[in-house]
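**Student:** In order, the protein sequence lines correspond to chains A and B.
Here the first sequence is numbered in the working numbering, starting from 1 and rising by one per residue.
Here the second sequence is numbered in the working numbering, starting from 1 and rising by one per residue.
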Amino acid sequence: MSGNMNINLKVWRQKNGKSQGKLVDYKVENVSPDMSFLEMFDVLNDRLINEGKDEPIAFDHDCREGICGSCSMYINGRPHGPNQGVTTCQLHMRSFKDNDTIVVEPWRSAAFPVIKDLATNRSAFDRIIASGGFISINTGNAQDANNLPIPKGDADDSFAAAACIGCGACVAACKNSSAMLFVSAKVSQLALLPQGAPERATRVLNMVAQMDAEGFGSCTNTGACEAECPKQISLTNIARLNREYYKATLFSSEG
Amino acid sequence: MNWISKMFSSSLGQKLIMAITGLFLITFLIVHCTLNSLIFLNDGGVTFNAGAQFMATNPLIRIVEVVLFIGLILHVAKALVLTLNNNKSRPVKYASYDGKANSKWYSRSMGILGSLLLIFLVIHLSHFWIGTKAAQFNGTILSHNTYLELKEVFESPLNVLIYLLGVISLGYHLMHGFQSAFQTLGINHKKYTPFIKSFGNVFSILISFIFAMMPIAMHFDIIK
């Protein structure tokens, strides 16, 4: 077909968490500009399987609709590639040119060890959520929707924070591989709502302690996370996390 | 008191120390810059020397000087601890890294800029502070002519260059540090954050410019 491209890939190949990895060159020919970035990898993997010489490239993916947070490729020095506000699965080959060389690496962080090739273990995020990213609710019939009045602005801010899909692009983008944007979104979405009030202090204290224990770096406010976040989570959440943390430490009986 | 040590050993607590000491050091810069600007009166250093002597003899200022050094040491020590920890959190580096796509270079270079500032500070203290300290101990402080010292140091083009490089590092360090400190303190709101950011930029450029003018004006004898 006309308009199709040839792409030179440099892909990080690593057998498992213990072995040394390296960048391997692949040439992918006749790539349609309408393919997603992951579909291009499907085509390449198909070829690798048929050739039988090389194992297919391992990478995380699930919904391919930009909402699950599974895909996690570090493309040409940026998490999820060159476009703003999209995940790797929503990145299309029309964002590249014929004969482009594209370097693809996994998220790099001590807290996200490589499982294989481009797939990393992001359970550190799950452990942070388990340490406090929840609320206690009454079971039984659903309450009337307007029983708990919530200001529109708070509901909007909470919803914007809740858009975080936990993909880890913030960690990947940060020069300190800090998880502050993720943790701040998860603390904010609950801190802004009355339902989050009972565990408010313990939540932030436990989640920050878990974040530190997982080996993430600290925040230097470069703003790289906000710029690269596919859900465009705002830095104001990080300021809120700081406030919540100081408040819980200084004014609550917790900690 | 376990909660205090817990807080200040967490990443957020350590960053709080960076922010508070950083803002404190900025207040020192304002005093330092204002006092040094007395040389621009161009009166042969009479007013400037009177100011310098006040700073060297006032007992309250002597106490604040100790607090200043504690603040500086805390700022540097915490920066070192945090930076080493941050480096550990990414043991395998990226083969390709496009930092400029998502952040300003000086926001990613605070460690390097800070180290340059520290080197500059050692040179700067050896030029002026040590002489003043010696005069304080020898009891000759009332006849100590700091203005003359300035003239001598800035006669050398090399010294002028060192001071200009120091001041440029300071400017970029402040451009990120000023607004970053407020963010760390949890102060971020659409009502005033735009003001904090632009004020920080104007302040950083202005204070660096005034500081830079001092060695230049002295070297080229604009100030007699």
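Built from N, CA and C at the ideal position, the CB exists for glycine as well.
Note that the coordinates shown come from a computational prediction; the quantities given were computed from them, not determined experimentally.
Given 8 Å as the limit, is there contact between the segment 177-185 of chain A and the segment 144-155 of chain A, that is, 3 or more CB pairs closer than that?
**Tutor:** no
**Student:** So which residues of chain A does Ile187 of chain B contact, with C-beta pairs closer than 8 Å?
**Tutor:** Residue numbering aside, residue 187 of chain B sits at position 187 when the second sequence is read from its first letter. The answer, in chain order, is Ala239.
**Student:** What in chain B is Cβ-close to Glu199 of chain A, meaning under 8 Å?
**Tutor:** Looking up residue 199 of chain A in the first sequence gives position 199. In chain order: nothing, as chain B lies at least about 18 Å away.
**Student:** Between Val31 of chain A and Met5 of chain A, which are expected to be in contact by the criterion C-beta below 8 Å, what is the C-beta distance as a whole number of angstroms?
**Tutor:** Taking the first residue of the first sequence as position 1, residue 31 of chain A is located at position 31. Taking the first residue of the first sequence as position 1, residue 5 of chain A is located at position 5. Yes, they are in contact, since the Cβ atoms of Val31 of chain A and Met5 of chain A sit about 5 Å apart, within 8 Å.
**Student:** Is there a Cβ of chain B sitting closer than 7 Å to that of Thr222 of chain A, yes or no?
**Tutor:** Here the question's residue 222 of chain A lines up with position 222 in the first sequence. Closer than 7 Å to some Cβ of chain B, the Cβ of Thr222 of chain A qualifies, so yes.
**Student:** By DSSP, does Gly217 of chain A sit in helix, in strand, or in coil?
**Tutor:** Within the first sequence, residue 217 of chain A is the residue found at index 217, counting from 1. Strand at Gly217 of chain A.
**Student:** Under 7 Å, Cβ to Cβ, is there at least one residue of chain A near Trp105 of chain B?
**Tutor:** As a first step, residue 105 of chain B must be located in the second sequence, where it is residue number 105. Interface annotation, Trp105 of chain B: not in contact with chain A, CB-CB separation never under 7 Å.
**Student:** Between B:Ala217, B:Tyr192, B:Asn201, B:Ser143, which has its C-alpha nearest Gln53 of chain B's C-alpha?
**Tutor:** In the second sequence, the residue the question calls residue 53 of chain B occupies position 53. Among B:Ala217, B:Tyr192, B:Asn201, B:Ser143, the Cα nearest to that of Gln53 of chain B is on B:Ser143.
**Student:** Taking the straight line between their C-alpha atoms, what separation do you get for Leu68 of chain B and Trp12 of chain A?
**Tutor:** Against the second sequence, residue 68 of chain B aligns to sequence position 68. Against the first sequence, residue 12 of chain A aligns to sequence position 12. Each residue's Cα considered, the two are about 49 Å apart.
**Student:** Since Ser188 of chain A and Asn141 of chain A are thought to touch, with beta carbons under 8 Å apart, how far apart are those beta carbons, to the nearest angstrom?
**Tutor:** On the first sequence, residue 188 of chain A is found 188 positions in, with the first residue counted as 1. On the first sequence, residue 141 of chain A is found 141 positions in, with the first residue counted as 1. Wrong, their Cβ atoms sit about 29 Å apart, outside the cutoff.
**Student:** Taking the continuous beta strand (DSSP E) assigned at Tyr26 of chain A, which residues delimit it?
**Tutor:** On the first sequence, residue 26 of chain A is found 26 positions in, with the first residue counted as 1. 22-31 is the extent of the beta strand (DSSP E) around Tyr26 of chain A.
**Student:** Return the residues of the segment 148-162 of chain A that lie within a Cβ-Cβ distance of less than 9 Å from chain B, sorted by chain order.
**Tutor:** none
**Student:** Run the CB neighbour count on Gly114 of chain B, radius 10 Å, all protein chains shown included, and call it buried at 16 or more, exposed below.
**Tutor:** Stepping through the second sequence from its first residue, residue 114 of chain B is reached at position 114. Residue environment for Gly114 of chain B: buried (at least 16 other C-beta atoms within 10 angstroms of its C-beta).
**Student:** Can you tell which of B:Thr27, B:Ala79, B:Ile39 has the C-alpha that lies nearest to the C-alpha of Leu12 of chain B?
**Tutor:** By one-based count along the second sequence, residue 12 of chain B stands at place 12. If we check each option's Cα against that of Leu12 of chain B, B:Ala79 comes out closest.
**Student:** Sorted by chain position, which residues of the same chain lie with C-beta nearer than 8 Å to Ile128 of chain A's C-beta, five sequence neighbours on each side aside?
**Tutor:** Counting from one through the first sequence, the residue named residue 128 of chain A turns up at place 128. The answer, listed in chain order, is Ala179, Phe182, Val183, Lys186, Met207, Gln210, Met211, Glu214.
**Student:** By the criterion of Cβ-Cβ separation under 9 Å, what are the contact partners of Val76 of chain B in chain A?
**Tutor:** What you label residue 76 of chain B is simply residue 76 of the second sequence in a count that begins at 1. Ordered by position in chain A, no residue passes the 9 Å Cβ test against Val76 of chain B, which lies about 15 Å from the chain.
**Student:** What are the residues of the segment 171-195 of chain A that lie near chain B, defined by any Cβ-Cβ distance shorter than 8 Å?
**Tutor:** Within the segment 171-195 of chain A, the qualifying residues are Ala173, Lys175, Asn176, Ser177, Ser178.
**Student:** Is it true that the segment 41-51 of chain B meets the segment 218-233 of chain A, where meeting means three or more beta-carbon pairs spaced less than 8 Å apart?
**Tutor:** no
**Student:** Grouping DSSP H, G and I as helix and E and B as strand, with all else coil, what is Asn76 of chain A?
**Tutor:** Indexing the first sequence from 1 puts residue 76 of chain A at position 76. Coil, per DSSP.
**Student:** Count the C-beta pairs between the segment 70-79 of chain B and the segment 23-33 of chain B that are closer than 8 Å, then say yes if the count reaches three, no if not.
**Tutor:** Yes, since at least three Cβ pairs between the segment 70-79 of chain B and the segment 23-33 of chain B fall closer than 8 Å, the two stretches touch.
**Student:** What's the C-alpha gap between Phe59 of chain A and Cys71 of chain A?
**Tutor:** As a first step, residue 59 of chain A must be located in the first sequence, where it is residue number 59. As a first step, residue 71 of chain A must be located in the first sequence, where it is residue number 71. Cα-Cα distance, rounded: 7 Å.
**Student:** For chain B, check one thing: does any of its Cβ atoms lie closer than 7 Å to the Cβ of Ala110 of chain A?
**Tutor:** On the first sequence, position 110 is the one that residue 110 of chain A refers to. Ala110 of chain A counts as touching chain B.
**Student:** Determine the closest residue to Ser19 of chain A out of A:Cys225, A:Pro113, A:Ile135, with distance taken between C-alpha atoms.
**Tutor:** Position 19 of the first sequence holds residue 19 of chain A. Checked all of A:Cys225, A:Pro113, A:Ile135; the closest Cα to Ser19 of chain A is A:Pro113.
**Student:** Note down, in chain order, each residue of its chain lying with its Cβ closer than 6 Å to the Cβ of Gly45 of chain B, except the 5 sequence neighbours on either side.
**Tutor:** Along the second sequence, one-based indexing puts residue 45 of chain B at 45. Only Tyr147 meet the Cβ criterion.
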